[in-house]
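For reference, the structure discussed in these notes is given below.
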Amino acid sequence: MISNLKFEIHNLKTLKIFLVLIILIVLYFIFRLINLTILPVFADEAIYIRWSQVMRAEPTLRFLPLSDGKQPLFMWLTIPFLKIFSDPLFAGRLVSVLAGLGTMIGLFLLSLQIFKSKKISFFTAFLYAIVPFAVFFDRMALADSLLSMFGIWILYLSILLVQYRRLDLAMITGMVLGGALITKSPATFFVILIPFSIILNFQNIQKLIRNFLKMVPYWLVIYIFAFVIYNILRLGPNFQMIALRNQDYVFPLSNVLFHPFDPFQSHLIEIIQWFNNLLTWPVFLAGLIGIILIIFKNIKAGFLLLIWFLLPLLFEAEYAKVLTSRYLLFTVPVFLVFASAFIDWLINKLKTRRFISLFIILLFFLLPLRYDYLLLTDPQKADLPRNDRSGYLEGWTAGYGIKESADFFKKEALNKKILIGTEGYFGTLPDGLQMYLEKVPNITIIGIGLYLEKIPEQLTNSTSDNEVYLLINDERLKLNPKDFNLTLVASYPKAKRLDNTNQNLLLFMVK
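Following the working numbering, the numbering of the sequence shown begins with 12 at its first residue and continues without gaps.
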């Protein structure tokens, strides 16, 4: 009788956890799928999705991203979604949505493993579902969400491995690490961070050394599996481009000796500003206090999480030549664990004061929800960081007008041949236009460079056989349209800048 009762209680608890996860997943999809394509295609999205289309059409080009030093896993995963959905932007972004779901589930399990608290696990997963940092980038067809998912699962599995020392766990962790390594170069951080999980077994130096030596064979299994998976990339040409392109993004290791505070100081300020903005200040503050709280309550887990969060941030602050907020996305989930622990502690302290507890909950959750509402309904009104707003909404990298232009060309091409010249050779244009017009007959798209001072002969010599168009951002047009017999067909404005000006994507007919 007693054993049956215990079994029923266990089943009830399992059911509650399962129901909580279902609710979190539904909430997650609400914030990720509503108006998924409301933001226009971004430059890198256009490149990645176009690569996926080319690789789908031509199997011999499955390693095409290596030509630009990019690992191809995200593009490989996009290919099957292109077969299912007619909108390529939706298909590409859905890959990131599903990757973000994996991150949220991994966070739930990680928090449960460390704190043995379902409340903290719920808060962590809930925060990930609603913080603008995750909401924004989980809705973009970029590799960062996929990298973030791999990172949190590697941390979770490495903790399990230290506790249980099982060969199958080591093999699974190695495969997950291999997936991360063929997603994006910052996965190298995970290679370095895995052994730090031994901190959880710390009792004294002597036992730490003994436990460390016992773990070495398991870590070797992880690295062997990851190395084998990573070396799949050697099957394609241009494998060496990964290392060459990495040099475009990071300074040499000696930078810390000659310029210890450049760019470290400026990047650190930017990192703080981005976290404060994209997490919202209550969540950011909760995370900072949570770091101190966890270290005092559970010093081993606190230091492990802090190392996983802080080491990549400090390295990127010191060595990154180019740093944007999305490059930090893979550090956000760990920070949310700190924030959730503090929120749980604060609510427990104030549980006898219901109104104050309610106010605290509203403070932590309403600001992110308001931010999310704007991201989902009117991104131009969202208070994005300056460089993010410039890149995704205001500049040449923001693809306003490309979808509309593609729809126009589809109608025009029903009964005539069309030649379209676009600015640039890759990126938002022409890749963004090619992405939407793939397999549309009677249309040819060519890139003609930047800052046009005259109309290329490729366009002017084709007017007798084709209807010829020019698609270009106004700030890259260095000629007078009237002098070259250009007729403006449409103008698509981008978001307004701080000075109340804006760029426009211009569509001309060439006669």
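For every residue, glycine included, the Cβ atom is placed at its ideal position computed from N, Cα and C.
If you drop the 5 nearest sequence neighbours on each side, which residues of the same chain put their C-beta closer than 7 Å to that of residue i?
i      : result
Leu16  : Because the pLDDT of Leu16 is 45, which lies under 50, any placement of that residue in the model is unreliable, and the number read from its coordinates should be weighed accordingly. The answer is none, since no qualifying residue turns up.
Asp442 : Ala57, Ile58 and Arg61
Ile233 : Ala181, Thr184, Gly185, Leu188 and Ile205
Thr342 : Phe320, Pro323 and Leu324
Met66  : Leu72, Arg73, Leu75, Met86 and Ile90
Thr199 : none
Ala136 : Leu35, Met115, Leu118 and Phe119
Val31  : Phe133
Leu499 : Pro492, Leu517 and Phe519
Ile141 : Phe42, Phe376, Pro379, Leu380 and Asp383
Asp55  : Leu153
Leu138 : Val294, Leu347, Ala350 and Ser351
Ala68  : none
Ile131 : Ser122, Ser351, Ala352 and Asp355
Glu423 : Ile429 and Glu478
Leu334 : His278, Glu281 and Glu327
Lys311 : Ile210, Leu211 and Phe213
Leu374 : Pro293
How far does the beta strand (DSSP E) with residue i in it reach, from first residue to last?
i      : result
Ile431 : Ile429 to Thr433
Val521 : Asn515 to Val521
Excluding sequence positions up to five away, which residues of its chain have a Cβ less than 8 Å from the Cβ of residue i?
i      : result
Met12  : Confidence at Met12 is low in this model, with a pLDDT of 46, below 50, so the placement of that residue should be treated as unreliable; the coordinate-derived value is given next. Cβ within range, chain order: n/a, list empty.
Ser128 : Ser122 and Asp355
Ile20  : Note that Ile20 scores a pLDDT of 46, beneath 50, so its modelled location is shaky and nothing firm can be said.
Gln124 : Tyr167, Ile170 and Leu171
Leu497 : Ile466, Leu481, Phe519, Met520, Val521 and Lys522
Lys218 : Asn212
Ala110 : Asp149, Ser156, Leu157, Ser159 and Met160
Which whole-angstrom value is the C-beta distance of residue i and residue j, which I expect to be below 8 Å?
i      : j      : result
Ile454 : Ile483 : Rounded, the Cβ-Cβ distance is 17 Å, inconsistent with contact.
Gln391 : Ala506 : 4 Å
Leu100 : Ala152 : 7 Å
Asn46  : Thr388 : 7 Å
Thr291 : Pro396 : About 13 Å; that fails the 8 Å criterion.
Ser156 : Leu340 : 7 Å
Gly298 : Phe349 : 5 Å
Arg508 : Glu405 : 5 Å
Gly162 : Phe201 : 6 Å
Ser190 : Ile235 : The displayed chain sequence assigns Gly, not Ser, to residue 190. Their Cβ separation, rounded to whole angstroms, is 15 Å, which puts Gly190 and Ile235 out of contact at 8 Å.
Leu448 : Phe420 : 6 Å
Leu77  : Phe250 : 6 Å
Pro70  : Ile413 : Rounded, the Cβ-Cβ distance is 28 Å, inconsistent with contact.
Phe147 : Leu386 : 6 Å
Ala331 : Tyr403 : Not confirmed; about 19 Å, so no contact.
Gly410 : Phe53  : 7 Å
Leu425 : Glu464 : Not quite, the Cβ-Cβ distance comes to about 34 Å (not below 8 Å), so this is no contact.
Gln82  : Leu231 : Incorrect: roughly 23 Å between the Cβ atoms, too far for contact.
Hey, quick one: how far does the alpha helix (DSSP H) through residue i stretch, first residue to last?
i      : result
Phe286 : Phe275 to Leu290
Asn359 : Val343 to Lys360
Lys421 : Ile413 to Glu423
Phe10  : The structure shown has nothing for residue 10, since the chain only spans 12 to 522.
Phe437 : Looking at the DSSP string, Phe437 is not in any alpha helix (DSSP H), and its letter there is neither H nor E.
Gln445 : Asp442 to Tyr447
Ile310 : Ile310 to Tyr330
Val267 : Asn266 to Phe269
Glu45  : Note on residue identity: the sequence assigns Ile, not Glu, to residue 45. Neither: Ile45 is in no alpha helix (DSSP H) and is coded neither H nor E.
Asn426 : Unbroken run through Asn426: none, as it is neither H nor E.
Tyr384 : Arg365 to Thr388
Met252 : Met252 to Asn257
Leaving out five residues before and five after residue i in sequence, what residues of the same chain have Cβ atoms less than 6 Å from its Cβ?
i      : result
Leu279 : Ala328
Phe223 : Ile209
Ala154 : Phe85, Thr194 and Lys195
Phe495 : Ile466
Asn288 : Pro396
Phe144 : Leu289, Leu290 and Val343
Pro504 : Asn513 and Asn515
Val345 : Leu316, Trp319 and Phe320
Gly432 : Ile457, Ile459, Leu470 and Leu481
Leu361 : Ile367 and Ser368
Shorter than 7 Å, the distance from the beta carbon of residue i to the closest heavy atom of the ligand NAD, or not?
i      : result
Arg176 : Looking at this structure, you won't find the ligand NAD or any other ligand, since it has none at all.
When the cut-off is 8 Å and only beta carbons count, does residue i lie next to chain D?
i      : result
Ile193 : Within the model displayed, chain D is absent; a lone protein chain is all it includes.
Write down every uninterrupted run of the alpha helix (DSSP H) in the stretch 450-513 whose length is 4 residues or greater and which is fully enclosed by it, in chain order.
-> 468-471
Output the residue ranges of the alpha helix (DSSP H) runs that lie fully inside the stretch 167-236 and measure 4 residues or longer, sorted by chain position.
-> 178-192 and 199-204
Enumerated in chain order, which unbroken segments of the alpha helix (DSSP H) with a length of 4 residues or greater are wholly contained in the stretch 50-131?
-> 54-68, 84-95 and 99-126
Within the chosen definition, does the stretch 252-263 reach the stretch 103-116 through at least 3 CB pairs nearer than 8 Å?
-> no
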